[in-house]
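Following: one structure in structure tokens, then a few remarks.
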Ligand code: AMP
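Numbering (the working numbering), first residue to last: -6 to 543.
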């Protein structure tokens, strides 16, 4: 017998419709690329997202076709979130920190049909435009007066003129809730970047879960500042949860330095902010230097990389701000765990509480997780046993876009598919997960991935290099930085500076290794693969040049 409830599809358009009807005047505040502060509301975002939908209809994009963005956090980007997905197209958020070659590769792989970009990124667009034949429409996120006259981009139009030509009444289509709504590429895997393809359903379920009290605890009374970019897994899903609860949103635009973030937190009376540890470090440095205090901030969500103990302590003890340490992945929309205390932990002495708060936290309802040994056998939740972390749930990928990389799931004895995160973790008896290592080779620097393969391939292209291994080294500001470890060809001459200079122009500047080490041999395993865990152990006393003695 079936239940007799209304079979209403879970659609992204319902979020913006709800926000407009119930939270029309709730503010959306953005620091713009133009430098000023712009004030909007859920009512205006909703109206303009319907204009976006009409404008895309006029462009002739079919259902499921991709519209890409290269944009900071701001109101126009938010309008595209709802206008693109709500009208049945797929919003593809591009990461502007990538090298133009990587970006062009991703745009071509996704077959993006249109691209909307902030003017900051015009040079990047000019570098890739000729290499992206699928993109038929280029739209600059500005008004007509600011549109550059001689951009060299064919038929470039301004966003304001583009949507301004269209009506704001629009009937959101009744879509299949499993239809694709958004797409985000990750370089956190082996080989080429791969895309997670989110559905309306996965996005809505994630929006509910992220808003829960032991998740981000969002309500209509909050003023929320996502420093985490809207091109990083949809700013951790905050725009969708914010529409569901009707909170105020505050967007920092391109100004991510400590001073600018502090000013916004204060002037907009922000109660909750979210970002990676590197950004919070800049904020804390700024506050300490100026002897500043927060007047409204109650909690910060910190994730993307492990949150250092000193940061949790500074926020909570010096400033009275609760830190919610969270873990997730692009492949998980991204929320997996959040570290909120239960009554049992609240009763612990402060030092023991701090130990718990360092962990990545408990699974959010909807996410199932386990740790397994190398043979796939379940490991106990004893806080000691360390194993590969596997996850499943309705907002976890089943496969990558175009099935790149084959089936990413591991089947258990019951035939259920689990996504292998590439993280190694413990889980304690209370369900608190702690990341202890990473089995994937990629390196995460300041919250952004660096492909060790790309770094190695460039070194291998140098005529003096016989073998090269790229590994991550702990760094106090960026969490990890890459170094390249090289075996030279017999008799070949090559120095550190020459090898590092060889990287110029081949990858993004921040992806260039911080150091090059020359060794006689790199450990190789039985299958002929480089054993990077062993190499990392061999180099455990190594310090990056600028941190020697610190
Ligand atoms: P991304 O797909 O770029 O969001 O990266 C996901 C990966 O970042 C995870 O698989 C982890 O390796 C790492 N990560 C995310 N959050 C944390 C955290 N709180 N602590 C440690 N590593 C994290």
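For glycine and all other residues, C-beta sits at the position ideal for the given N, C-alpha and C.
Check                                                                                                                                                                                 : Outcome
Buried or exposed: which applies to residue 505, given that a residue is buried once 16 or more other Cβ atoms fall within 10 Å of its Cβ?                                            : buried
Buried or exposed: residue 13, going by 16 or more other Cβ atoms within 10 Å of its Cβ?                                                                                              : buried
Return the first residue and the last residue of the alpha helix (DSSP H) that residue 193 is part of.                                                                                : 193 to 204
Do the region 440 to 456 and the region 172 to 187 meet, that is, are 3 or more Cβ pairs less than 8 Å apart?                                                                         : yes
Around the Cβ of residue 522, are there at least 16 other Cβ atoms within 10 angstroms (buried) or fewer (exposed)?                                                                   : exposed
Which residue wins for smallest C-alpha separation from residue 249, given the options 43, 26, 201?                                                                                   : 26
What whole-angstrom Cβ distance do residue 432 and residue 415 have, given they're in contact under 8 Å?                                                                              : 5 Å
At a threshold of 7 Å, does residue 298 count as lining the ligand AMP (C-beta to nearest heavy atom)?                                                                                : yes
Suppose you measure from the CA of residue 439 to the CA of residue 0; what does that come to, to the nearest Å?                                                                      : 43 Å
Alpha carbon to alpha carbon, how far is residue 258 from residue 145?                                                                                                                : 38 Å
Label residue 110 either buried or exposed according to how many other C-beta atoms from any shown protein chain fall within 10 Å of its C-beta, with 16 as the threshold for buried. : buried
Looking only at its chain, what residues have a beta carbon closer than 7 Å to the beta carbon of residue 99, apart from the 5 residues adjacent to it on each side?                  : 87, 178, 186
With DSSP as the reference, identify every bridge partner of residue 413, one or two as the case may be.                                                                              : 383
Run the proximity test for residue 431: is its beta-carbon closer than 7 Å to any non-hydrogen atom belonging to the ligand AMP?                                                      : yes
Between the alpha carbons of residue 543 and residue 311, how many angstroms are there, rounded?                                                                                      : The pLDDT assigned to residue 543 is 42, lower than 50, so where the model puts this residue is not dependable; a value taken from the coordinates is nonetheless given after this. Cα to Cα, the separation comes out at about 24 Å.
Measure the alpha-carbon distance for residue 390 versus residue 199 and round it to whole angstroms.                                                                                 : 13 Å
Out of 251, 229, 255, 263, point me to the one whose CA is closest to residue 241's CA.                                                                                               : 263
Is residue 467 buried or exposed, if buried means 16 or more other CB atoms sit within 10 Å of its CB?                                                                                : exposed
With DSSP as the reference, label residue 255 as helix, strand or coil.                                                                                                               : helix
Kindly say whether residue 417, judged by its beta-carbon, lies nearer than 8 Å to any beta-carbon of chain B.                                                                        : Looking for chain B here will not work: only one protein chain is present.
Here's the rule: buried if 16 or more other CB atoms are within 10 angstroms of the residue's CB, otherwise exposed. What is residue 530?                                             : exposed
So for residue 147, helix, strand or coil by DSSP?                                                                                                                                    : coil
Checking the sheet assignment: what are the DSSP bridge partners for residue 481?                                                                                                     : 458
Using only alpha-carbon positions, find the residue among 399, 210, 190, 126 that is nearest to residue 292.                                                                          : 210
At a cut-off of 7 Å, would you count residue 305 as near the ligand AMP, judging by its Cβ distance to the nearest heavy atom?                                                        : no
With which residues is residue 443 paired in a DSSP beta bridge?                                                                                                                      : 436
Would you kindly work out how many angstroms separate the C-alpha atoms of residue 525 and residue 464, rounded to a whole number?                                                    : 7 Å
Where do the ends of the alpha helix (DSSP H) carrying residue 527 lie?                                                                                                               : 525 to 531
Going by Cα to Cα distance, which pick from 2, 350, 357 is closest to residue 316?                                                                                                    : 350
Could you check which residue in 105, 57, 203 has the C-alpha nearest to that of residue 80?                                                                                          : 57
Between which two residues does the alpha helix (DSSP H) carrying residue 304 extend?                                                                                                 : 302 to 306
Once the 5 residues before and after residue 428 are set aside, which same chain residues still bring their CB inside 6 Å of it?                                                      : 353, 416, 418
Measure from the alpha carbon of residue 608 to the alpha carbon of each residue in 19, 247, 328, then state which is nearest.                                                        : No answer is possible for residue 608: it lies beyond the span of the chain, which begins at -6 and ends at 543.
Could you give the DSSP three-state label for residue 260: helix, strand or coil?                                                                                                     : helix
Less than 7 Å separating the Cβ of residue 414 from some heavy atom of the ligand AMP?                                                                                                : yes
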